[in-house]
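Student: The following block contains the structure, expressed as structure tokens.
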Amino acid sequence: MDNFSIDQLLQPVYSAFPEADRRPVIGITANYSDIDATLRDRYYKQIVAAGGIPVIIPPIADAKIIADTLEHVDAVLLTGGGDYNPLWCGEDPVPGLHNINAERDGAELILTRMAYHRQKPMLGICRGIQTLAMALGGHVDQDIIQQIKHSQDADRSEPTHSVSVEPGSFLYSIYAPKKTNINAFPDRNPSSSDRNPSDISGRNPSDDTLKAQSEADETTVPLTLYVNSFHHQAVDNPGERFRVTARSSDGIIEAIESTEYKSIMGVQWHPEWLGADGLPLFRWLVDKAREYQRVGDLHKRILTLDTHCDTPMFFHQGVDFTKRDPRILVDLHKMTEGRQDATIMVAYLPQPKIGQKFSDAVEMKAAGPAAYADLIFDKIEAMVASKPDYVSIARTPSDLYLDKRMGRKSIMLGIENGLALEHDLRNLLHFAQRGIVYITLCHNGDNDICDSARGCNTHNGVSSFGEKVIKEMNRLGIMVDLSHAGEKSFYDSLDISAVPIVCSHSNCRALCDHPRNLTDDQLRRLAQKGGVAHTTFYHGFLRKVGEADIMDGIDHLEHAIKVMGIDHVGIGTDFDGDGGVRGMRDASEIQQFTLSLLRRRYSDEDIAKIWGGNWLRVMSMVQSQRG
């Protein structure tokens, strides 16, 4: 150092504003040896060179501390180090096992699992790739059978063997000789729309802050990387959450990445020692952290509302909304992890089959459909009352925005199947007073209100009683939901209702020919009347063949936008009603959807509309007409 003046050292910062660019914060796991937590400088120097801010995460196996820590980092770097205790895999040690580091094991496994649930980008290096596998359902071989030397004697900066990289992977896109899009999702061209990405968002397509995934280069030129190597353990089964993307010549797994469209990758070698050759991996992590940061900033500003979830269907199992309960897809933990503000929980009433009693079709005892709906609402209210500082019942758009300002999640109430009315309009007033915001007129089967998409055309559309129901719902400020309705019921309802109607969880028949999905004409007519159609993540409504995933949901959303316009779409996941697909499995993953929209160059304003703004416009209009 040739300058020992503090003032002169501070001058570059204090002479301009802002003092410094906001860079992504990368949490780096520390090693533990003897009485010291340590970290090789190569890790944090590469993070700095890649444009990130390094923060060391000490090995503290306290889940609450880790949860707080993760609130302050945008990505995680899992570093190398000693072997894992095989007891974490339920195994006894093999002779080649050495250097178990019990101080790190539990801390890093907890950290990885919690970071995964929060959609944090992660890069695992050597021990780090093994951490990913062990924490997320894979398996690590304690002592690999080596055909080539994987623990080199050469200098750490010297590559000593080659790995073959799978085309279409993150790793391939980073190192391929042709220019590729590092933001592309593997194995899919997610865009089914032929619009220019700037048409809706107003962004310049040349803006590379968030590149459109649809521009991915699909080159398949073979790619070999030359890497260093210091390990005798290796991932032998990555588990269903990962796929293998690189192997050495003797078949050892050298790299893995997420199969769920998450920004998670692990490599078995040590890129921190490879200087400029290793830097692209750290740049990838920092770039993904910047995306995560962008999503987080957006979710702080906008209201994220899921308009249909069926979590009450599991109440009879004794689920606990305040815990991270594996039996349900929506709970306080998952909503917090996904940065989700609000959801509409419905009292779902199955339509009894001919000759079947309602009491035989439901899991909880009640005097009848109306009492059954009340029982569900009682349980929701009790659930909310147990955590009043963190969640509340909302009835209006203003309630939702107040809850967001106060740091609370919001639950709105709805009814799925007008069977709950028991052919008595007085029950509409009763449920309105309980605070419901919409009623789905029917479910899978005709009822006394209208014919279902899965029905027998009992009324040839909306019944005479159904017409009274719709008009009374208009008067009481209750939204009319036509998800599950037959086509004639749909058009009848549009004609009867004096205010816009909604489809809380419906997809596009043009992409998936299912009677529950809406035709293009239905979408256009709905938009012309000022209504909204919300894309759902029930696999059977997304595609007819193969596994549905988040990209199918994007396709349906973009088709609806093409037909209806950006002001008439939204998201109603159908979580806990068999909704949930790869990449969008539960409430913790909803920010993955936001990330996909940002990569497609949708503006913040348009994303706010999709995530609830359009729905709340209709809700405000409907509620303003109360008689």
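In our numbering, each number is its position in the sequence shown, counted from 1, plus 1022. Idealized CB from N, CA, C, for every residue including glycine. Just so you know, these numbers come straight off a predicted model, no measurement behind them.
For residue 1584, which option in 1288, 1555 and 1192 has the closest C-alpha, if you only look at C-alpha atoms?
Tutor: Answer by Cα proximity: 1555.
Student: So what's residue 1591 in DSSP terms, helix, strand or just coil?
Tutor: Note: residue 1591 maps to strand in three-state DSSP.
Student: Quick one: Cα of residue 1589 to Cα of residue 1151, how far?
Tutor: The alpha-carbon atoms of residue 1589 and residue 1151 are separated by roughly 43 Å.
Student: Buried or exposed for residue 1251, please, with buried defined as at least 16 other CB atoms from any protein chain shown within 10 angstroms of its CB.
Tutor: So residue 1251 counts as buried.
Student: State the beta-bridge partners of residue 1367 as determined by DSSP.
Tutor: Partner(s): 1331 and 1435.
Student: Quick test of the definition: if touching needs 3 or more C-beta pairs under 8 Å, does the segment 1083-1101 touch the segment 1051-1066?
Tutor: Touching, yes, given that three or more Cβ pairs across the two stretches are closer than 8 Å.
Student: So, at 6 Å on beta carbons, what are the nonlocal neighbours of residue 1364 in its own chain, with the 5 sequence-adjacent residues on each side left out?
Tutor: The answer, listed in chain order, is 1327, 1422 and 1432.
Student: Find the nearest neighbour of residue 1341 within the set 1300, 1404 and 1117, judged by alpha-carbon distance.
Tutor: Of 1300, 1404 and 1117, the residue nearest in Cα terms is 1404.
Student: Taking the alpha-carbon of residue 1460 as reference, which of 1451, 1577, 1466 and 1467 has the nearest alpha-carbon?
Tutor: The residue with the shortest Cα to Cα distance from residue 1460 is 1451.
Student: Indicate the three-state DSSP secondary structure (helix, strand or coil) for residue 1534 in the structure shown.
Tutor: Residue 1534 falls in the coil class under three-state DSSP.
Student: Going by DSSP in three states, residue 1558 sits in which element: helix, strand or coil?
Tutor: Coil, per DSSP.
Student: CA-CA distance, residue 1417 and residue 1457?
Tutor: Distance between the alpha carbons of residue 1417 and residue 1457: 6 Å.
Student: State the DSSP-derived secondary structure class of residue 1239, mapped to helix, strand or coil.
Tutor: Below a pLDDT of 50, predicted positions are generally treated as unreliable, and residue 1239, at 44, falls in that range; no measurement from the model is reported.
Student: Which residues bound the beta strand (DSSP E) around residue 1076?
Tutor: Residue 1076 -> beta strand (DSSP E) spans 1075-1079.
Student: Pull the bridge partners of residue 1528 from the DSSP assignment, please.
Tutor: Answer is none; residue 1528 lacks a bridge partner.
Student: Reducing DSSP to helix, strand and coil, say where residue 1134 ends up.
Tutor: Three-state DSSP puts residue 1134 in a helix.
Student: When you compare only the Cα positions, how much space is there between residue 1661 and residue 1281?
Tutor: Since the first residue of the chain shown is 1023 and the last is 1649, residue 1661 is not available in this structure.
Student: Have a look at residue 1275 and residue 1468 and give me their C-alpha separation to the nearest angstrom.
Tutor: Residue 1275 and residue 1468: Cα-Cα distance of roughly 55 Å.
Student: Quick one: grab the DSSP three-state call for residue 1462.
Tutor: Strand.
Student: According to DSSP, which residues form a beta bridge with residue 1054?
Tutor: 1059, per the DSSP bridge assignment.
Student: When the Cβ atoms of the segment 1515-1530 are set against those of the segment 1558-1566, are three or more pairs found closer than 8 Å?
Tutor: They touch, by the three-pair rule.
Student: Alpha carbon to alpha carbon, how far is residue 1056 from residue 1343? Give it in angstroms, no decimals.
Tutor: Distance between the alpha carbons of residue 1343 and residue 1056: 42 Å.
Student: Which same chain residues end up closer than 6 Å to residue 1308 when comparing Cβ atoms and leaving out the 5 residues on each side of it in sequence?
Tutor: Closer than 6 Å at the Cβ level, and outside the excluded window around residue 1308, lie 1046, 1072, 1073 and 1074.
Student: What are the start and end residues of the beta strand (DSSP E) that includes residue 1005?
Tutor: Residue 1005 is absent from the model: the chain starts at 1023 and stops at 1649.
Student: Take residue 1320 and list the residues in its own chain whose beta-carbon comes closer than 7 Å to its own, dropping the five residues that flank it on each side.
Tutor: 1616, 1626 and 1629, listed in sequence order.
Student: Three-state secondary structure (DSSP) at residue 1615?
Tutor: Three-state result, residue 1615: helix.
Student: Give the C-beta separation of residue 1172 and residue 1259 to the nearest angstrom, bearing in mind that I take them to be a contact with Cβ-Cβ under 8 Å.
Tutor: Contact flag wrong, Cβ pair sits at about 18 Å.
Student: Leaving out five residues on either side along the sequence, give the residues of the same chain with a beta carbon under 7 Å from the beta carbon of residue 1388.
Tutor: Cβ within range, chain order: 1394 and 1397.
Student: Going by C-alpha distance, which of 1126, 1107, 1127 and 1131 is nearest residue 1120?
Tutor: When each option's Cα is compared against that of residue 1120, the closest is 1107.
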